[in-house]
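The next block holds one structure in the form of structure tokens; read it before the comments.
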Amino acid sequence: MKELGSIFFKYRSYIPLPFVFLMLIFMEPTLTSIVIGFTIALSGELIRIWSVSFAGSETRTTSGVGGTYLVTQGPYSVIRNPLYAGNILIYIGIGIMSNALSPYLQIFAFIFFFFQYHCIVLAEEEFLQNKFTKVYSDYKKTVGRFIPKFTQLPDHIKSGLELNVKNGLRSERRSLQAFLITSAIIITYYLLKECFKVI
Numbered sequence: 199m200k201e202l203g204s205i206f207f208k209y210r211s212y213i214p215l216p217f218v219f220l221m222l223i224f225m226e227p228t229l230t231s232i233v234i235g236f237t238i239a240l241s242g243e244l245i246r247i248w249s250v251s252f253a254g255s256e257t258r259t260t261s262g263v264g265g266t267y268l269v270t271q272g273p274y275s276v277i278r279n280p281l282y283a284g285n286i287l288i289y290i291g292i293g294i295m296s297n298a299l300s301p302y303l304q305i306f307a308f309i310f311f312f313f314q315y316h317c318i319v320l321a322e323e324e325f326l327q328n329k330f331t332k333v334y335s336d337y338k339k340t341v342g343r344f345i346p347k348f349t350q351l352p353d354h355i356k357s358g359l360e361l362n363v364k365n366g367l368r369s370e371r372r373s374l375q376a377f378l379i380t381s382a383i384i385i386t387y388y389l390l391k392e393c394f395k396v397i
């Protein structure tokens with residue numbers, strides 16, 4: 199699974215595209231699906247912005263699993279993989295917005311992306327364990343992979359990084375644009391459909 203995780207990591211920016219195409223081709227949005235889905239997706243995007251405001255542009259690398267430093271603050275003090283949790287919320291939220299092939303596409307997407315990120319995390323954890331050894335072992339004991347443990351972060355594993363929202367937004371620009379454009383397409387489609395019903 200770690201080898202598969204390395205492949206998923208390299209192509210993680212392109213893997214969602216087939217789901218996006220299916221979602222747009224078969225979308226049947228309703229006002230309810232848009233409100234619920236957008237709220238979920240927006241929460242995922244906010245988690246991503248919060249995360250990259252600590253982790254910086256290193257999260258954009260596609261050359262391979264790696265990292266210069268261990269980020270343990272902000273959302274990383276709640277769960278070890280907030281970016282991936284944010285991604286899953288975005289994908290599921292947009293899927294709910296589109297209401298395409300509901301609920302089958304949304305369920306399949308959740309299962310697939312959870313499996314994808316599970317494989318990626320296994321590869322990342324091996325790298326981090328080898329590089330940061332005891333500090334990472336203590337971090338794993340304190341902070342859950344995807345489920346919060348709500349335990350106090352020991353001082354010796356705090357990364358000492360500062361929140362930098364400006365850099366976070368700069369790093370997150372492409373993902374934020376993709377989220378807003380996709381949402382705009384779905385909302386526009388819904389509004390046009392409702393207008394033609396009235397005419």
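Count the sequence shown with the working numbering and you get residues 199 to 397, in order.
Ideal placement from N, C-alpha and C gives every residue a C-beta, glycine not left out.
As the structure is a prediction and not an experimental result, all values here were calculated from the model.
Check: Assigned exposure category for tyrosine 282 - 16 Cβ within 10 Å defines buried; Outcome: buried
Check: Cα-Cα separation, phenylalanine 391 to glycine 242; Outcome: Per the sequence presented here, residue 391 reads as lysine, with phenylalanine not at that position. Computed Cα separation, rounded: 28 Å.
Check: Alpha helix (DSSP H) runs contained entirely in the stretch 261-315, provided each spans 4 or more residues; Outcome: 280-296
Check: Short Cβ contact (8 Å threshold) for leucine 351 with threonine 270; Outcome: yes
Check: Isoleucine 384 and proline 227 closer than 8 Å at C-beta; Outcome: yes
Check: Neighbourhood of glutamine 327 by C-beta, 6 Å cutoff - its chain only, sequence neighbours within 5 removed; Outcome: Tyr334
Check: Cross-strand partners of glycine 235 (DSSP beta bridge); Outcome: DSSP, once it has assigned bridges, lists no residue as partnering glycine 235.
Check: Where threonine 260 falls, given that 16 or more other Cβ within 10 Å makes a residue buried; Outcome: Confidence at threonine 260 is low in this model, with a pLDDT of 46, below 50, so the placement of that residue should be treated as unreliable; the coordinate-derived value is given next. It is exposed - the Cβ of threonine 260 has fewer than 16 other Cβ atoms within 10 Å.
Check: Status (buried if at least 16 other CB within 10 Å, exposed otherwise) for leucine 215; Outcome: exposed
Check: Assigned exposure category for alanine 321 - 16 Cβ within 10 Å defines buried; Outcome: buried
Check: Status (buried if at least 16 other CB within 10 Å, exposed otherwise) for isoleucine 223; Outcome: exposed
Check: DSSP beta-bridge partners of glycine 342; Outcome: Ile277
Check: Straight-line Cα distance separating histidine 316 from phenylalanine 206; Outcome: 10 Å
Check: Cβ-Cβ distance between leucine 359 and isoleucine 247 below 8 Å; Outcome: no
Check: Backbone CA spacing between valine 363 and leucine 374 [nearest angstrom]; Outcome: 14 Å
Check: Spatial distance of glutamine 314 from alanine 253 (CA atoms); Outcome: 21 Å
Check: Cα-Cα separation between isoleucine 213 and arginine 371, rounded to whole angstroms; Outcome: 19 Å
Check: Identity of the residue in Met295, Tyr267, Phe344, Tyr302 nearest threonine 140 by Cα; Outcome: Absent from the model: residue 140. The displayed extent of the chain is 199 to 397, so no value can be given.
Check: Range of the contiguous alpha helix (DSSP H) that encloses arginine 368; Outcome: 363-369
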